[in-house]
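A.B. asks: These protein sequence lines are chains A and B, in that order. Start counting the first sequence at 7; every next residue gets the next number (my numbering). Start counting the second sequence at 166; every next residue gets the next number (my numbering). Here a beta-carbon is modelled for each residue, glycine too, at the ideal position from N, C-alpha and C. These figures come from a predicted structure and were not determined experimentally. Got a structure here, written out as structure tokens. Questions coming.
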Amino acid sequence: MISPRRIGAILKKELIQLRRDSMTLRMVIMIPLIQLLLFGYAINTNLREVPAALVDQSRTGLSRALVQMVEATQVVTFTHTFATPEEAERAIAASDVRAALILPHDLARRVSQSRDPAGPGKRETKRPVGQWIVDGSDTMVAAAIRGLRGMPLAELVQQPANAQVPTFEVALFYNPEQRSEVNIVPGLVGIILTMTMIMFTSAAIVRETERGNMEMLINTPVKPLELMIGKIIPFLVIGLVQVAIVLGLGNLLFNVPINGGMGTLLAVTLLFIGASLSLGLVLSTIAKNQLQAMQMTMFVILPSILLSGFMFPFDGMPKPAQYIAELFPATHFMSMIRGVVLRDATLVEMAGGALWLSGFTVVGLAVATFRFNKRLD
Amino acid sequence: MSDAVVETHGLTRDFGDKRAVNNVDLRIDPGMIYGFLGPNGCGKTTLMRMLTGLLTPTEGTARVLGTDLPGNAEGLKRQIGYMTQTFSHYRDLTVWENLDFAASVYGYPRKQKKSRIEELLTRYELEGQVNQLSGSMSGGQRQKMALAAAVLHNPRLLFLDEPTSAVDPESRRVFWEALFDLVDDGTSIIVTTHFMDEAERCHRIAILEYGIKRLDGAPPDLMAGLKAQVVQVEGNNLREAKRLLDATPDILSAAQIGARLRVMVRPEIADPEGLVRKAANLGASGMVTGTRANLEDVFVSATTGEAT
Ligand SMILES: Nc1ncnc2c1ncn2[C@@H]1O[C@H](COP(=O)(O)OP(=O)(O)O)[C@@H](O)[C@H]1O
Ligand SMILES: [Mg+2]
């Protein structure tokens, strides 16, 4: 039946070819390294220092104090000052600033009104003390500025804070300081593996054809399954190296903890690598050349990254999108790796995802093996 | 009867509308070199791929080493060796690594593998190239390596698809010596070629044109059996002479080869030399001599569809 010797022959040959292909080898190391540094530092979902314009029509000590308070939140930085709201709107249109704060002439009166706890019988309408004009096209920026709406003015009017009691108390588990890196680094493992594993294997079979080796190969007694297994093993190892780089450096540079057990981590990762590789192999048996393989890889990678929950929380997606997302191995892995790394989840707790990944691997391998034909017609 | 290594009946293969191999019947006995002779595109490779189980025939059947095709070709793989027309081993692997791969795939145990590869390297004079990447070798060296890989598992039947089309004459000579050694050891060989001199070295050949087998037999028999008389013409103005001969009904063909015309005349003509002298309007300077038919004459007459 399946011969370990023939699998060994394929494996050895693949390793030699890989060793001589310095470009691929460099990519294997550089992709996780660069992406970790890039995303670790660049992606930040807590917005800070949005450039904003200031239109201060009241020009009083009060308005200057208010501006200082707003800047102290660090949500915005005032980079421009204008005399009229129209100028500020133009600056927003020109993308010089993302938002503008307009403080009206009667700022002092409005503030004092807001201080009055709507005295008895005094039903004078209260008005906001100032207005924000926001470039709402980026929802993240808009949300950050909206967060300023309810900024307390107690300090401003030198009155003991009428200490507001929040409706809810929020206890933040697992990432109490709300650092984006803690969520991004484990997710990055999924992204990098999806990219590299599918990409490398999607070229694995067509390459034999393109380089003219297929006719020789299918004339030997090698069996399709032996070929598939021999081609997968080197990338299993490469995938693990990449995971080690991302999680290791993530721990070193970004202080991302690894709370879970190493055994669980290894199992989860191997399952996902296996699923990605077998998916790549299937693509490789469909593609006629390496360019087609690359196109198909892109076709698969993009939705699996976008829907995986790496960029947008899975729970926020509409139901149909969630169903589609659950087809992709990356989605399951994303929640599993975050589970292991951040919450110390066990394999039993994640049995559903683990089963899906195992099934995906087996089915993928079977499809690739079945599709691979030892004939030229 | 059925100890033939290859036997085909009505073997046919279409690619879309194009019929690459057309209704070919073959019978190839063991212990010989059998050649498929024909111009490029006549279906040699397609025929060979059907016999190795790589292509499924559109129609017809083949029996190769007792295995019926189309059918389960897997069992056949260990008994046949196949050297493809274009070099199909790994160019980014060395000679040793390529042969090591082949040996492992064919199931050689570690110890035997090493001695078998060393034996082949010596036999095919590749010791100096052991650690050279196969992609960086000369055509002749690549061809010897491909042969070594094809015979590594001691196949009973060896398929060679235009093995010498990319090598110099000296390498060709050495290569054919190696083939005769293999036959001597009991291997049967099927080889394709478009070279007459190579075809002449084969024990038997089949002449193919447009996928159709025009003629087969042993080269000496084919030459002896040519139904035409061959005459050579030397002299001035051979182009004009050829035009005149082409227009003459009893002349089957006239072809210029260097400073000569090679002319085939219908067998029933009593004085072919006289006819040619007259038809070609040769003056006193012209020289006409009768000569023996060669394989090229056989090929020309077979593929122009006459005198067979
Ligand atoms: N895979 C294929 N698809 C379409 N046409 C093919 C294919 N292989 C061969 N042919 C056609 O079949 C004919 C015979 O080709 P081939 O067997 O390669 O000839 P030869 O080996 O004698 O040069 C040619 O006209 C060629 O174009
Ligand atoms: Mg050919």
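Kindly list, in the order they appear in chain A, the residues whose Cβ is closer than 9 angstroms to that of threonine 249(B).
C.D. replies: In chain order: Gly218, Glu221, Met222, Asn225.
A.B. asks: Sorted by chain position, which residues of the same chain lie with C-beta nearer than 6 angstroms to threonine 367(A)'s C-beta, five sequence neighbours on each side aside?
C.D. replies: Gly280, Ala281, Ser284
A.B. asks: Report the rounded CA-to-CA distance for phenylalanine 360(B) versus leucine 202(B), giving the unit in angstroms.
C.D. replies: 8 angstroms
A.B. asks: What's the gap between the Cα of arginine 442(B) and the Cα of threonine 413(B)?
C.D. replies: When rounded, the distance between both Cα atoms is 12 angstroms.
A.B. asks: Taking the alpha-carbon positions, what's the aspartate 420(B) to leucine 220(B) distance?
C.D. replies: Checking the sequence, you will find alanine at residue 420(B) rather than aspartate. Their Cα atoms are separated by approximately 37 angstroms.
A.B. asks: Classify valine 453(B) as helix, strand or coil using the three-state DSSP reduction.
C.D. replies: strand
A.B. asks: Looking at chain B, which residues of the stretch 11-31 of chain A have a Cβ within less than 9 angstroms of any of its Cβ atoms?
C.D. replies: Arg11, Arg12, Gly14, Ala15, Ile16, Lys18, Lys19, Ile22, Gln23, Arg26, Asp27
A.B. asks: State buried or exposed for valine 243(A), treating a residue as buried only when at least 16 other CB atoms are found within 10 Å of its CB.
C.D. replies: exposed
A.B. asks: With 16 other CB atoms within 10 Å as the buried threshold, where does lysine 309(B) fall?
C.D. replies: Buried is the call here.
A.B. asks: Measure the CB-CB distance between leucine 223(A) and leucine 231(A) and report whether it falls below 9 angstroms.
C.D. replies: no
A.B. asks: Could you name the residues of the stretch 270-303 of chain A whose beta carbon sits closer than 8 angstroms to any beta carbon of chain B, in the order they occur along the chain?
C.D. replies: none
A.B. asks: At 3 residues or longer, what runs of the beta strand (DSSP E) sit wholly inside the stretch 261-307 of chain A?
C.D. replies: none
A.B. asks: So, are the CB atoms of glutamate 355(A) and glycine 345(A) less than 9 angstroms apart?
C.D. replies: yes
A.B. asks: Express the C-alpha separation of methionine 300(A) and proline 309(A) in angstroms, rounding to a whole number.
C.D. replies: In a straight line, the C-alpha of proline 309(A) is about 15 angstroms away from that of methionine 300(A).
A.B. asks: Might you give, ordered along the chain, the residues of its own chain that have their beta carbon closer than 6 angstroms to the beta carbon of threonine 291(A), omitting 5 neighbours on each side?
C.D. replies: Ile211, Ala374, Arg377, Phe378
A.B. asks: Beta-carbon of lysine 380(A) versus every beta-carbon of chain B: anything under 9 angstroms?
C.D. replies: yes
A.B. asks: Compute the Euclidean distance between the alpha carbons of glutamate 20(A) and glutamate 221(A), then round it to the nearest angstrom.
C.D. replies: 17 angstroms
A.B. asks: Residues of chain A with CB closer than 8 angstroms to the CB of tyrosine 271(B), please, in chain order.
C.D. replies: Thr226, Pro227
A.B. asks: Give me the DSSP bridge partner(s) of aspartate 381(B).
C.D. replies: Ala371(B)
A.B. asks: I'd like the list of long-range same chain contacts for lysine 242(B), defined as Cβ closer than 7 angstroms, with 5 residues on each side in sequence excluded.
C.D. replies: none
A.B. asks: Would you please verify whether the beta carbon of phenylalanine 252(B) is less than 9 angstroms from any beta carbon of chain A?
C.D. replies: yes
A.B. asks: What are the start and end residues of each continuous alpha helix (DSSP H) run of 4 or more residues lying completely inside the stretch 344-382 of chain A, in chain order?
C.D. replies: 357-377
A.B. asks: Could you name the residues that DSSP lists as bridge partners for valine 86(A)?
C.D. replies: Checking the sequence, you will find histidine at residue 86(A) rather than valine. Answer by DSSP bridge pairing, in chain order: Ala59(A).
A.B. asks: When DSSP labels each residue in this structure, what does proline 126(A) get in the three-state scheme?
C.D. replies: Note on proline 126(A): pLDDT 49, under 50, position unreliable in the model; the coordinate value appears next. Correct three-state label for proline 126(A): coil.
A.B. asks: Any idea what DSSP makes of aspartate 257(B), helix, strand or coil?
C.D. replies: coil
A.B. asks: With DSSP run on the structure shown, which of helix, strand or coil describes glycine 203(B)?
C.D. replies: Glycine 203(B): coil per DSSP, three-state reduction.
A.B. asks: For tyrosine 273(B), count neighbouring Cβ atoms within 10 angstroms of its own Cβ and tell me buried if that reaches 16, exposed if not.
C.D. replies: Tyrosine 273(B) is buried by the Cβ-count criterion.
A.B. asks: Use the C-beta contact count for histidine 338(A): other C-beta atoms within 10 angstroms, 16 or more gives buried, fewer gives exposed.
C.D. replies: buried
A.B. asks: What is the DSSP secondary structure of phenylalanine 180(B), counted as helix, strand or coil?
C.D. replies: The answer is strand: DSSP assigns phenylalanine 180(B) an E or B state.
A.B. asks: So which residues on chain A does lysine 407(B) lean against when the C-beta distance must stay under 9 angstroms?
C.D. replies: Residues of chain A passing the Cβ test: none, with the nearest at roughly 42 angstroms.
A.B. asks: For a contact meaning CB atoms closer than 9 angstroms, what does glutamate 292(B) contact in chain A?
C.D. replies: Within chain A, no C-beta atom comes nearer than 9 angstroms to that of glutamate 292(B); the closest sits roughly 21 angstroms away.
A.B. asks: Could you give the DSSP three-state label for proline 166(A): helix, strand or coil?
C.D. replies: Residue confidence is low: proline 166(A) scores 48 on pLDDT, short of 50, so the model does not pin down where it sits. Its coordinate-derived value is still stated next. Coil.
A.B. asks: Just the C-alpha distance for glutamate 471(B) and methionine 429(B), rounded to the nearest angstrom, thanks.
C.D. replies: Low local confidence applies: a pLDDT of 46 at glutamate 471(B) is under 50, so the model's placement there is unreliable, with the coordinate-based value given in what follows. About 11 angstroms.
A.B. asks: Leucine 466(A) and isoleucine 251(A): beta carbons closer than 9 angstroms?
C.D. replies: Outside the displayed span of chain A (7 to 383) sits residue 466(A), for which this structure offers no information.
A.B. asks: So if I threshold CB-CB distances at 9 angstroms, which residues from the stretch 213-231 of chain B count as touching chain A?
C.D. replies: Arg214, Thr217, Gly218, Leu219, Leu220, Thr221
A.B. asks: Which residues of chain A have a Cβ atom closer than 7 angstroms to the Cβ of aspartate 257(B), listed in chain order?
C.D. replies: Against aspartate 257(B), the close residues of chain A are Gln23, Arg26, in the order they occur along the chain (beta-carbon pairs closer than 7 angstroms).
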